[in-house]
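Note that the protein sequences, when read in sequence, are chains A and B.
Okay, so the first sequence: first residue is 1 according to the UniProt record's numbering, each after it adds one.
Okay, so the second sequence: first residue is 1 according to the UniProt record's numbering, each after it adds one.
Protein chains: 2
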Amino acid sequence: MESDRDFNVFVQGCPSREIMQRLGDKWTPLVLLALAGGPLRFSALRQRIGAVTPKVLTSTLRTLERDGLLLRTVTAQVPVRVDYELSEVGRSLLGPLEAIRLWSEEHVPGVLRARGEFDRRSEPSES
Amino acid sequence: MESDRDFNVFVQGCPSREIMQRLGDKWTPLVLLALAGGPLRFSALRQRIGAVTPKVLTSTLRTLERDGLLLRTVTAQVPVRVDYELSEVGRSLLGPLEAIRLWSEEHVPGVLRARGEFDRRSEPSES
DNA sequence: CTCAATGGTATCTTTTGGATACTGGACACT
DNA sequence: AGTGTCCAGTATCCAAAAGATACCATTGAG
């Protein structure tokens with residue numbers, strides 16, 4: 001009923017759960033999507049994503065590198081140049097992430113409308 | 001280049017960004033996937049997901065309800081019965097989420113292997 | 001009068017994320 | 001020599017979110 005594989009996100013302690021939850025880190029999807037078009041340097045990534053602080057971006061990138069989703073290449077020039085790019089595995093996530101992204105962009109009006117109704121239902125305080 | 005729609009997750013302050021980031025809340029995907037098979041009561045959801053505390057589950061559910069992704073139905077019996085089920089909009093997310101889930105379950109071995117290599121590269125301390 | 005079932009809150013601690021300032025190495029300019 | 005710039009991050013400190021655990025309200029059964 002669940003799936004016949006060896007791993008299942010609904011099993012507590014299964015590594016797949018932690019992996020899926022990491023994909024839902026606040027910045028992970030944006031980082032991966034930002035790299036969809038090719039390698040980017042640290043500062044370019046930062047600019048492209050916007051609003052992310054260097055500390056958090058660094059730790060997001062480290063985790064993704066550690067998990068094999070992206071590659072970090074240091075070029076010893078001056079000043080030092082660091083490029084980040086998706087690995088093969090990382091690229092295999094782009095499809096699903098693109099879908100989530102499109103869904104989010106398409107459903108903005110609906111979600112905003114739902115919020116308005118919800119709030120109106122919650123506070124029947126005026127007239 | 002980015003997309004011709006009105007909303008874009010790469011634009012800072014665009015509601016679609018916040019919506020996408022919410023989809024990546026720690027428990028949101030699990031909640032939505034858990035409801036894929038039909039309505040569940042609060043305690044059943046808790047059991048099915050496992051490891052989520054009531055406080056966090058409540059707030060996750062409230063947000064999803066507020067955004068119109070799921071419906072909360074209270075039946076006044078004793079003790080009270082509360083059912084949660086996906087809305088039409090919520091169901092439209094199941095495809096992408098299923099994809100993310102499958103990816104996570106399929107790539108467990110690869111990710112674990114990558115972590116091992118990464119750690120070995122980082123600490124060349126023993127023999 | 002007590003107990004159990006359900007769907008949560010309340011409170012406190014720990015973890016994660018954010019703001020902001022700073023480091024370090026190599027050149028380039030003055 | 002001294003100062004400034006570029007880049008890729010750290011360091012430090014503070015705020016927001018998640019987790020552990022205990023508790024509450026309703027009410028029907030015993």
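From the three backbone atoms N, C-alpha and C, an ideal C-beta is built for every residue, glycine too.
query                                                                                                                       : result
According to DSSP, residues forming a beta bridge with Asp67 (chain A)                                                      : Bridge partners of Asp67 (chain A): none, in fact.
Leu61 (chain A) burial status per 10 Å Cβ neighbour count (16 or more: buried)                                              : buried
C-beta atoms of Glu85 (chain B) and Phe118 (chain A) nearer than 9 angstroms                                                : no
Residue ranges of each alpha helix (DSSP H) within the UniProt domain "HTH hxlR-type" (14 to 112) of chain B, 4 or longer   : 15 to 23, 28 to 34, 42 to 49, 54 to 66, 88 to 91 and 94 to 106
Contact with chain B by Ser104 (chain A), beta-carbon distance below 9 angstroms                                            : yes
For Leu5 (chain B), three-class secondary structure by DSSP                                                                 : Inspection of the sequence shows that residue 5 (chain B) is occupied by Arg rather than by Leu. The answer is coil: DSSP assigns Arg5 (chain B) none of H, G, I, E or B.
Integer-rounded CB distance, given that Ser16 (chain B) should sit under 8 angstroms from Ser104 (chain A)                  : 5 angstroms
Rounded separation between Phe42 (chain A) and Ala114 (chain B) - CA only                                                   : 22 angstroms
Reference Leu70 (chain A); option with closest CA among A:Pro39, A:Gln47, A:Ile19 and A:Arg46                               : A:Pro39
Reference Glu88 (chain A); option with closest CA among A:Ala36, A:Arg22 and A:Asn8                                         : A:Ala36
Closer than 9 angstroms to chain B by CB, Phe42 (chain A)                                                                   : no
Interface positions of the segment 63 to 77 of chain B facing chain A (Cβ-Cβ less than 9 angstroms), listed along the chain : Glu65, Arg66, Asp67, Gly68 and Leu69
Alpha-carbon to alpha-carbon, Gly13 (chain A) and Ala76 (chain A)                                                           : 41 angstroms
Residue from A:Ser122, A:Phe7 and A:Thr28 with nearest C-alpha to Ala52 (chain A)                                           : The sequence given here places Val at residue 52 (chain A); Ala does not occur at that position. Checking every option, the nearest Cα to that of Val52 (chain A) belongs to A:Thr28.
Test item: CB-CB of Phe10 (chain A) and Ile49 (chain B) under 9 angstroms                                                   : yes
Exposed unless 16 or more other CB atoms sit within 10 angstroms - verdict on Leu33 (chain A)                               : buried
Inter-residue Cα distance where the pair is Ser122 (chain A) and Leu23 (chain B)                                            : 23 angstroms
Val111 (chain B) beta carbon less than 9 angstroms from that of Ile19 (chain A)                                             : yes
Selected residue, minimal CA-CA separation from Arg91 (chain A), among B:Asp25, B:His107 and B:Leu94                        : B:His107
Straight-line Cα distance separating Pro96 (chain A) from Ala99 (chain B)                                                   : 6 angstroms
Secondary structure of Phe118 (chain B), DSSP reduced to three states                                                       : helix
Test: Pro96 (chain A) CB closer than 9 angstroms to a CB of chain B                                                         : yes
Cross-chain neighbours of Asp25 (chain B) in chain A, by beta carbon under 8 angstroms                                      : Gly24
Proximal chain B residues relative to Leu112 (chain A), where beta-carbon distance stays under 8 angstroms                  : Pro15
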